[in-house]
Each structure stands twice: as structure tokens, then as C-alpha cells.
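K.L.:
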Amino acid sequence: MSEEFVLYIGNKCFSSWSLRPWIAMRHLEIPFREEFVRLRTPETAANLARISPTGQVPVLNHNGRIIWETLAILEYLNDLFPERQLWPADLDARALARSVATEMHSGFRELRYGWPMNLRRPKAHKPMQGEGDGNRRRIEAIWRECRRKFGEGGPFLFGDFTATDAMYAPVVTRFDTYGGKLDPDIRSYVDAVLDTPGMRHWYAEAAKEPWPEPGPHEQD
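Take any residue in the sequence shown, note its place counting from 1, add 1, and you have its number in my numbering.
Encoded structure:
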């Protein structure tokens, strides 16, 4: 099996969907080449149309086979690299992991818009109201349930780093940026994800991006 993977991503400062497969592949040491498409420009739509059937990133190109949508990419990688255990080996844990990963994929709209991923923004508490606060509380409940039931073997949701941690990685940045003083167990999980070499590298690369968007307080 050839391992010629090309992962197309957008700006590291704010492209939350790009982060998800990138951090999974980086953390689990699946080799890939990164290709960048700058977002929020007049040329973006045309550039994306050349590589993405949806006009969005991320997109994985594996020797000409195109996989789009983050969960589809993660499942494809799991098929190719079952030994990396992108999903937990235990059936009960895997069922929970897939459920909460899919919930992340399709939900939490108010939190995602109220706390947009912006790695340039100074850390400052931004309280959520209404449905957004309900999203925040639900995410915290998910993290606690996963850690309580299956997290004894390590610092991540299911002990070892899995696709579920990759799906929640952009939310981790939001909790760190906007969440203010977090409860100790939530802070511990956030710090565990942020302290991975992959996340440190992503933040460092985001800091080097020369473009003005987003500004440090965009969408406040």
C-alpha cells in the first residue's frame, strides 16, 4: 500500500475543520504532505474548486482517490491503519466515541459561531448565553462522560488520543481562548490536547501566517 497522502487545508489561524484530520494524522504519525489553500480571498472559490468537490477543506488525496468531509477522512484512515487505533478498540468505547464525534460534526452551531476559532485572539472570558451556553455545558458533559468511563489509561477522552480528540481539538482552542477559568477537570483535558506536539506546531505555524484576517478580536 502506497502512503502518498496529500492533505489540503486552509488557514491555520481559523480553519477549524482543517485542524481535525491534520492533528489526527500528525499525532498518530501517519505520513502526509500538506497543501495550503488560503481562505477569504477573491480567488479562494476557484482554488478550492480545483481540489474539492464541495468547494471546502479539508480534502485528502490518496494517490488520486479523493476523500472529503472530516469524518470520512478519519474513517478512511482507520481502514488503512487499524493498528493506529483512530477509534478505541473496546466496542462500548468505540460506540460512544463515534456518537460524540458525530455530534460534534453536526452540532454545537451556536457555540461555534459565538466562539469562533481564532488563534490570534487574546485569551479573555466571553460568556455564552442561551443555546450557546447549553452547547458549552453539553460539551463539558461529553468530555466528563468519556473520561469517567474510558479515560483511565491516559489524558485524552479515551485514554489514548483518538479520532474523537481530533474532532474536539478546535473546540479545545475555543475553550482555552474564550472560556475563562475552567473547572479543573476540563482544564486538564484542554491542556492535554494543547500540549501535544502537533497542536504546538499548529499554533506556531498559525502565528507565522502573514495575512490580516482574522483580526485579534474578529467576530466579538
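Backbone N, C-alpha and C fix where the C-beta goes; we use that ideal spot for every residue, glycine too.
On the three-state DSSP scale, how would you describe residue 143?
P.N.:
Correct three-state label for residue 143: helix.
K.L.:
Any idea which residues DSSP pairs residue 36 with across the strands?
P.N.:
Paired residue(s): 9.
K.L.:
Comparing alpha-carbon positions, which option in 215, 196, 123 and 149 lies nearest residue 1?
P.N.:
Because the chain here runs from 2 to 221, residue 1 falls outside it and cannot be looked at.
K.L.:
I'd like the list of long-range same chain contacts for residue 124, defined as Cβ closer than 6 Å, with 5 residues on each side in sequence excluded.
P.N.:
178.
K.L.:
In chain order, what are the residue ranges of uninterrupted alpha helix (DSSP H) at least 4 long that sit wholly in the region 43-78?
P.N.:
DSSP runs (the alpha helix (DSSP H)) wholly in the region 43-78: 45-50.
K.L.:
Note down, in chain order, each residue of its chain lying with its Cβ closer than 7 Å to the Cβ of residue 160, except the 5 sequence neighbours on either side.
P.N.:
Once the five neighbours on either side are set aside, the close Cβ partners of residue 160 are 151, 152, 153 and 154.
K.L.:
Please report the Cβ distance between residue 116 and residue 175, rounded to the nearest whole angstrom; I am assuming they are in contact, meaning their Cβ atoms lie under 8 Å.
P.N.:
Contact holds; Cβ gap of about 4 Å.
K.L.:
Nearest to residue 200 by alpha carbon, out of 215, 134, 172 and 216?
P.N.:
Nearest of 215, 134, 172 and 216 to residue 200, Cα basis: 172.
K.L.:
For residue 61 and residue 32, which I take to be in contact (beta-carbon distance under 8 Å), what is that distance rounded to the nearest angstrom?
P.N.:
Residue 61 to residue 32, Cβ: 13 Å. No contact.
K.L.:
Do residue 37 and residue 68 have their CB atoms nearer than 8 Å?
P.N.:
No; because the gap between Cβ atoms is not below 8 Å, this pair is not in contact.
K.L.:
Check whether the region 183-196 touches the region 90-106, taking contact to mean three or more Cβ pairs, one atom from each stretch, closer than 8 Å.
P.N.:
The region 183-196 is not in contact with the region 90-106.
K.L.:
Do you know how far the Cα of residue 143 is from the Cα of residue 1?
P.N.:
A query on residue 1 cannot be resolved here, the shown segment of the chain reaching from 2 to 221 and no further.
K.L.:
Using three-state DSSP, classify residue 199 as helix, strand or coil.
P.N.:
Helix, per DSSP.
K.L.:
Going by DSSP, what residue range makes up the alpha helix (DSSP H) through residue 22?
P.N.:
Note, residue 22: alpha helix (DSSP H), 17-28.
K.L.:
Please go through the same chain and pick out, in chain order, the residues whose beta-carbon is closer than 6 Å to the beta-carbon of residue 203, but skip the five residues on each side of it.
P.N.:
These residues qualify, in order along the chain: 13.
K.L.:
Go ahead and pull the three-state DSSP assignment for residue 161.
P.N.:
Strand at residue 161.
K.L.:
Excluding five sequence neighbours on each side, which residues of the same chain lie with their C-beta closer than 7 Å to the C-beta of residue 183?
P.N.:
If we look at residue 183 and ignore the five residues flanking it on each side, its Cβ neighbours are 176 and 191.
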